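Asks: The listed protein sequences derive, respectively, from chains A and B.
Note that the working numbering has the first sequence beginning at 879, numbered continuously upward.
Note that the working numbering has the second sequence beginning at 23, numbered continuously upward.
Just so it is clear, CB atoms sit at the ideal spot from N, CA and C, and this is done for glycine as well.
None of these values were measured; they are calculated from a predicted model.
Before anything else, here's the structure in question.
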Amino acid sequence: MKALRTLTAVLALGLCFVSAAFAAPKAITVASDATWPPMEFVDANKKIVGFDIDFMTAVAKEAGLQVTFKNTAWDGIFAGVEAGQYDAIISSVTITPERQAKYDFTNPYVQIGQILVVPKAEKGSKIADLKGKKVGAQIGTTGAMEVKKVAGVELKTYDEVGLAFEDMAAGRIAGVVCDEPTAITYALQKKEYSSKFKIVGKSFTKEAYGIVVKKGNKDLVAQLNKGIAAVQKKKIDAQLKKKWQLK
Amino acid sequence: MSTEAKKQIIDVGDGAAIPRKSDRGLFTAWRIAFFGAIGTIAYLVWSKPDPYLNIIKFVPDGIAVTFQVTLGAILLAIVIGLITGLGRISKNRFFNGVASLYVEVIRGIPLLVQIFYIYYALGTIVKVPAVLSAIIAMAVCYGAYMGEVVRAGIESIAKGQREAALSLGMNGRQTMIHVILPQAVKVILPPVGNEFIALLKDSSLVSIIAVADLLRRGREYASESFTYFETYTVIALIYLIITLFFSKIIGVMEERVSVNK
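Given below as structure tokens:
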């Protein structure tokens, strides 16, 4: 019994030291679903890279935060921030009223839109032209919600957007809807796909990405907003857009 | 062989089913679990229609797909299992070798990988619809396990049974069909029931290939409404109810064929 008490005391003391060591600068863990090039993806060295990652690193630097990234599946990424498994999400998350009701967002940092990718032979130029056919999107994304809005088109949801493109390459679905930068990567820049797919029309939604934090975590939002403002003022985001070939 | 003799052989061991101890009384474990799960869902829907009623309304077609995949895969797996099991005990070296190789390879690869592989790799050669390739993948995987169950069941039948049948003038095939297999079924049924339940739950893995099964419908609902906890509660309860329902059917079937225990 005595030994147990001693052990507890030692552990408690150790814990104090550890937490003291991390007190400044504040360390936060940020989740990202690294299957969404060029915004966030895993490179050949198994490192999470992309525009969002560089952007978040720059924001954290300006805001005086120490950031660790955590690769997390998109399905359940919001549940994780709610459960406190990480402090924030930067993963091409579009700010929508439904999401704002459940989570807090920073100020928008990138403007994008949804766009349709189809096989080269396809004549249609918008989702409504694909009536009676299947259109794929990643589960729980704004792309999936856009497809669902169109009557007569069957939505197929995938765990990762890459699987949807793979299914389209196999000829099982007639289109994929996703964010424009990702569509450009898959349709025009990926060797295996660039001869098979084309982007049709222009992006048909106006969306903005924001960093997500747990509802009520106003301190972190304020801190991140400060960082975003500093990054934008220093034009670091413009450089990053150029680096990752965003429009 | 006369039909009379045949009948006698088949009927060996048949008698009134004796209920198992666990099935006696009003509050059996099964009843508590089954009606408890149904009651819980009913209570949740009644007390909080939003989101629970909405979830219930959203998933029925997913339940249908889960049934479709499970039943299709189990029927196919039983056929594959029977062939594989007979192959594993066959004296024909080729047949035996193929069956053994199949079991060894399939047993060593995770089901998720198999589903993925059959859908995307085979998809480049023949275009199989997602639900069908899900059924094939599940059946190929569980057929291997089933094969081992069948083999063990057949091998459990005493050698004397076979010798007796042969000495009655039956040939090898008749011995297998009329003497060995009917007895083996009694041994095989409980583990097959087990495999069936496992297959039902593993069918949730097919959502990786965009098959809109119960789990995927739930995930679609959760990811749009952000009601993860509530949705997974309902999904878990529905899986539980379906599983208990099937375990009851298997239990009844077991009692029908069971020898006095």
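Take Ile1017/A and list the residues in its own chain whose beta-carbon comes closer than 6 Å to its own, dropping the five residues that flank it on each side.
Replies: Asp953 and Thr1035
Asks: For Gly1053/A, which beta-bridge partners are listed by DSSP?
Replies: Gly1053/A pairs with Val1013/A.
Asks: For chain A, find out if any of its Cβ atoms is closer than 8 Å to the Cβ of Phe267/B; answer yes or no.
Replies: no
Asks: When DSSP labels each residue in this structure, what does Phe57/B get in the three-state scheme?
Replies: helix
Asks: Could you round the C-beta distance between Ile993/A and Ser1073/A to whole angstroms and report it? I think they count as a contact, below 8 Å.
Replies: Not a contact, Cβ separation roughly 19 Å.
Asks: Using the three-state DSSP reduction, which class does Leu190/B fall into: helix, strand or coil?
Replies: coil
Asks: Express the C-alpha separation of Thr106/B and Gly182/B in angstroms, rounding to a whole number.
Replies: 24 Å
Asks: Buried or exposed: Trp1122/A, going by 16 or more other Cβ atoms within 10 Å of its Cβ?
Replies: Trp1122/A sits buried, since 16 or more C-beta atoms from the chains shown fall within 10 Å of its C-beta.
Asks: Tell me the start and end of each unbroken alpha helix (DSSP H) in the stretch 1029-1110 of chain A that is at least 4 residues and wholly inside, in chain order.
Replies: 1039-1047, 1058-1062 and 1069-1072
Asks: Thr913/A bridges to which residues according to DSSP?
Replies: Answer is Phe919/A.
Asks: Should Tyr987/A and Tyr1064/A be called a contact, given that it needs their Cβ atoms to be closer than 8 Å?
Replies: No, they are not a contact pair.
Asks: Look at the alpha carbon of Arg241/B and the alpha carbon of Ala161/B, and state the distance between them as a whole number of angstroms.
Replies: Using only the alpha carbons, I get a separation of about 25 Å.
Asks: Is the distance from the Cβ of Val91/B to the Cβ of Ile157/B below 8 Å?
Replies: yes
Asks: Take the Cβ of Ile147/B as the centre, count every other Cβ of all protein chains shown within 10 Å, and call the residue buried at 16 or more, exposed below.
Replies: exposed
Asks: Looking at C-alpha atoms only, which residue of Leu236/B, Thr255/B, Leu221/B and Lys208/B is the closest neighbour of Arg278/B?
Replies: With distances taken between Cα atoms, Arg278/B lies closest to Lys208/B.
Asks: If you run the structure through DSSP and keep just helix, strand and coil, what is Thr907/A?
Replies: strand
Asks: What are the boundary residues of the beta strand (DSSP E) that includes Gln90/B?
Replies: Annotation: Gln90/B is outside any beta strand (DSSP E); the continuous alpha helix (DSSP H) that includes it extends over Pro82 to Ile111.
Asks: By DSSP, does Ala901/A sit in helix, in strand, or in coil?
Replies: Confidence at Ala901/A is low in this model, with a pLDDT of 47, below 50, so its placement is unreliable and no value can be given for it.
Asks: What residues in its chain sit with their C-beta under 6 Å from that of Glu252/B, if we drop five residues either side in the sequence?
Replies: Taken in chain order, the residues that qualify are Pro73.
Asks: For chain B, is any of its Cβ atoms less than 8 Å away from the one on Gly954/A?
Replies: yes
Asks: Work out the CA separation of Thr50/B and Ala1006/A for me, nearest whole Å.
Replies: 55 Å
Asks: For Phe248/B, would you say it is in contact with chain A, using Cβ-to-Cβ distances shorter than 8 Å as the test?
Replies: Interface residue, yes.
Asks: Return the CA-CA distance between Lys998/A and Met1046/A, expressed in angstroms with no decimal places.
Replies: 11 Å
Asks: Measure the alpha-carbon distance for Gly1105/A versus Pro975/A and round it to whole angstroms.
Replies: 24 Å
Asks: Quick check: is the beta carbon of Ser225/B nearer than 8 Å to any beta carbon in chain A?
Replies: no
Asks: If we count the other Cβ atoms within 10 Å of its Cβ and call it buried at 16 or more, is Pro915/A buried or exposed?
Replies: buried
Asks: Using a C-beta to C-beta distance shorter than 9 Å, which residues of chain A count as neighbours of Thr293/B?
Replies: Nothing can be reported for residue 293/B, as the shown portion of chain B is limited to 23 through 283.
Asks: Which chain B residues sit within Cβ distance under 7 Å of Ala957/A?
Replies: Tyr250
Asks: Mind checking if Tyr139/B is an interface residue toward chain C, Cβ cutoff 8 Å exclusive?
Replies: Among the protein chains of the structure shown, namely A and B, there is no chain C.
Asks: Between which two residues does the alpha helix (DSSP H) harbouring Phe248/B extend?
Replies: Element bounds for Phe248/B: n/a, residue is neither H nor E.
Asks: Give me, in chain order, the residues of the same chain whose beta-carbon lies closer than 7 Å to that of Ala1108/A; leave out the 5 immediate sequence neighbours on both sides.
Replies: Result list for Ala1108/A: Glu940, in chain order.
Asks: In this structure, how does DSSP classify Val927/A when only helix, strand and coil are distinguished?
Replies: strand
Asks: Excluding the five sequence neighbours on either side, which residues of its own chain have a C-beta within less than 7 Å of the C-beta of Cys163/B, listed in chain order?
Replies: Excluding sequence neighbours, Cys163/B sits near Ile128, Leu133 and Gln136.
Asks: With a cut-off of 8 Å on the beta carbons, I'd call Val1031/A and Lys1009/A a contact; round off their distance for me.
Replies: Contact between Val1031/A and Lys1009/A holds: their C-beta atoms lie close to 6 Å from each other, under 8 Å.
Asks: Which one or two residues does DSSP pair with Val988/A in a beta bridge?
Replies: According to DSSP, Val988/A shares a beta bridge with Tyr1087/A.
Asks: To which residues of the same chain is Leu1033/A closer than 7 Å at the C-beta, ignoring the five residues directly before and after it?
Replies: Val1013, Ala1015, Ala1022, Val1025 and Lys1026
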